[in-house]
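Engineer: Per numbering that gives the first Met the number 0, the sequence shown runs over residues 0 to 89.
No residue lacks a Cβ here, since even glycine has one placed at the ideal position from N, Cα and C.
Quick caveat: nothing in here was measured; it's all calculated off a predicted structure.
Please find one structure pasted underneath; my questions will follow.
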Amino acid sequence: MTKSELVAKIAMKSGLTKTDAEKALNAFQDSVMEAVKKNDKVTLVGFGSFEQKQRQARKGRNPQTGAEIKIPAGKTPKFTPGKNFKEAVK
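See below:
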């Protein structure tokens, strides 16, 4: 599903116009990204949680040369699906 298809589905289910549905979706995305960037956890009960995880530095291999390289530590976003989401997918 693309973003435009998601916007159309939100508009249909909520009775909003596509423009308003897109504004709402963009506001949701921006709000979640800002919160996760500040290391806050965003929890939507039944749907899931968005949070920031710290990855440790590790060693890897260059697939072309086979040479060992150092991969630096970093931050990455993580989504954990909630119980209702998991059950809906089963």
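(1) Following the continuous alpha helix (DSSP H) through Leu-5, name the residue where it begins and the one where it ends.
(2) Residue range of the beta strand (DSSP E) that Gln-51 falls in?
(3) Is Ala-20 buried or exposed, if buried means 16 or more other CB atoms sit within 10 Å of its CB?
(4) What are the boundary residues of the beta strand (DSSP E) that includes Val-41?
(5) In terms of residues, what are the limits of the alpha helix (DSSP H) holding Thr-18?
Structural biologist: According to the structure shown:
(1) 2-13
(2) 47-54
(3) buried
(4) 41-43
(5) 17-36
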